[in-house]
Structure formats: C-alpha cells, structure tokens
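Residue numbers (the UniProt record's numbering): 1 to 159.
(1) How many angstroms separate the CA atom of residue 56 from the CA atom of residue 13?
(2) Can you check which of these residues, 149, 2, 150, is closest to residue 75 by C-alpha distance?
(3) Taking DSSP as the reference, what is the three-state secondary structure of residue 11?
(4) On the criterion of 16 or more Cβ atoms from any shown chain inside 10 Å, does residue 52 qualify as buried, or is it exposed?
(5) Which value, in whole angstroms, describes the spacing of the CA atoms of residue 41 and residue 26?
(6) If you check the beta carbons only, do residue 65 and residue 150 fall under 8 Å apart?
(7) Taking the alpha-carbon of residue 9 as reference, which of 24, 22, 33 has the nearest alpha-carbon?
(8) When the Cα of residue 110 is compared with those of 59, 121, 147, which residue comes out closest?
(9) Identify the continuous beta strand (DSSP E) that holds residue 163 and give its terminal residues.
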C-alpha cells in the first residue's frame, strides 16, 4: 500500500499543497483533486474518514480549517457500496456493527497524517494555512522525507 498523493486543502476547497509521488498530467490532477476535495468537504464529522475514488483509497483528517487528504493505491480495496450515493464507494469503519474491520494500512495512513501535522507543528510552530503557503518548498521537503522514510521502514519490516 503506497502513498500516491497528499493534499492540504482549506474549508473553501482551495488546495494549499499538492504532493504527488508519481507523475499525473495536470488536467487529470486538477479534475481528480476537485472531485476528491468536494467529496471530503461534503462529508459530515460523524462519517468515516475513509472513502474510495477511482482506483485510490482516500484517507483524510480535518485540523481546524485545513483538511489533509492522502490518496493511496487502492488495488486491494475491500469496501462496501453506500446505496444513497450511487457510484461512490465508502469504507465501513471498525465497530460499526456490520462486523467489517478496517484494514491495517488505512489506519496506519490515518496516523501518518497526524504525524505529518505534528511535524509541521514542530517545524513551523503551531502550523497554519499561511505557514504552508509561504514555505511551500520546506513543506514539500518535509513531506518527501517522511514519505521516503515510511517506505524504507516498511521495506525493512518485510520478511
């Protein structure tokens, strides 16, 4: 399960940071970002923070006015369709009464998001939207290092 992209978006849906680990054409990026951001912003706080879009699993967290959205490879997706939403597929969270447990990888990404925000907090000193906007290069560098480190740790754990 690999991280494909990470977005930092404000409540108005404006992308403040977009970090991709693989090349995507700009047209495809902007269309996909718009759809994913709309889906995440429309969800209520009581809903699960995991959903599926195209061939990605989307994991997101809200911190004050910023949403941190991560797209991971969804080739091994196990999900349930939500009847009221048509084609959208949503994950069933652990403890929902259906007996479906969230895969370990999505929860690790959920915690990875928190680790990224904590790291930004330490570096920028109580990070906010403006810190990311005015220090975009530093934010990208931090993300790149954390994602690369996550890959190396995962490879060391593999038998």
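For each residue, glycine too, the CB sits at the ideal point set by N, CA and C.
Well, looking at it:
(1) As a first step, residue 56 is located in the chain shown; it is residue number 56 there, counting from the start. As a first step, residue 13 is located in the chain shown; it is residue number 13 there, counting from the start. Near 20 Å, if we compare the C-alpha coordinates of residue 13 and residue 56.
(2) Translated into the one-based positions of the chain shown, residue 75 becomes position 75. Here the closest residue by C-alpha is 2.
(3) Taking the chain shown and counting its residues from 1, one reaches residue 11 at position 11. It is coil, neither helix nor strand.
(4) Translated into the one-based positions of the chain shown, residue 52 becomes position 52. Classification for residue 52: buried.
(5) Along the chain shown, one-based indexing puts residue 41 at 41. Along the chain shown, one-based indexing puts residue 26 at 26. Straight-line Cα distance between these residues: approximately 22 Å.
(6) Counted from its first residue, the chain shown places residue 65 at position 65. Counted from its first residue, the chain shown places residue 150 at position 150. Cβ atoms of residue 65 and residue 150: not closer than 8 Å.
(7) Locating residue 9 in the chain shown gives position 9, counting from the first residue. Residue 9 has its Cα closest to that of 33, out of 24, 22, 33.
(8) Your numbering for residue 110 matches position 110 in the chain shown. Here the closest residue by C-alpha is 59.
(9) In this structure the chain extends from 1 to 159, so residue 163 is not present and cannot be described.
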